[in-house]
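Here my numbering runs 7 ahead of the position in the sequence shown, where the first position is 1.
Even for Gly, the Cβ is constructed at its ideal location relative to N, Cα and C.
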Amino acid sequence: MMEAGEKSRNMIGSKVRQIRKLQKLRMADLAARCTLMGFCIEWHSISKIERGIRGVSDLEMYLLAKALRVGMDNLVPTKIPAWKKTLVHPA
8 MMEAGEKSRN
18 MIGSKVRQIR
28 KLQKLRMADL
38 AARCTLMGFC
48 IEWHSISKIE
58 RGIRGVSDLE
68 MYLLAKALRV
78 GMDNLVPTKI
88 PAWKKTLVHP
98 A
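Set out below in structure tokens:
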């Protein structure tokens, strides 16, 4: 999780974690599913996504949703955080 005052680099990390845990998948299991689809990602990168440390492209979001067997809309939080307060604008 992010430390107090830190800004998240994505808004889907907490939902990725929630869905992964509901499916009783380890990060390594999710990484393996992604790799089978041609999206080579390591478990530690998934950890960074879930903690908001690593940003996510639209293609990566699509592939994570597909690996989790959910629609992309399931990865977007129902309450979108205010942009200026919680998200880091990519440089």
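- Less than 9 Å divides the Cβ of LEU75 from the Cβ of GLN30.
- Within its own chain, the residues whose Cβ lies closer than 6 Å to the Cβ of GLY62, once the five positions on either side in sequence are excluded, are ARG16 and ASN17, listed in chain order.
- In the three-state reduction of the DSSP assignment, SER15 falls in the strand class.
- With a contact defined as Cβ atoms closer than 8 Å, GLY78 and GLY20 miss out at about 17 Å.
- Burial is judged here by how many other beta carbons sit within 10 angstroms of a residue's own beta carbon; ARG27 has at least 16 and is buried.
- DSSP places ILE56 inside the alpha helix (DSSP H), whose first and last residues are 50-57.
- With contacts defined by Cβ atoms closer than 9 Å, VAL23 and ILE56 form a contacting pair.
- Using a Cβ distance threshold of 9 Å, LYS73 and MET34 do not count as a contacting pair.
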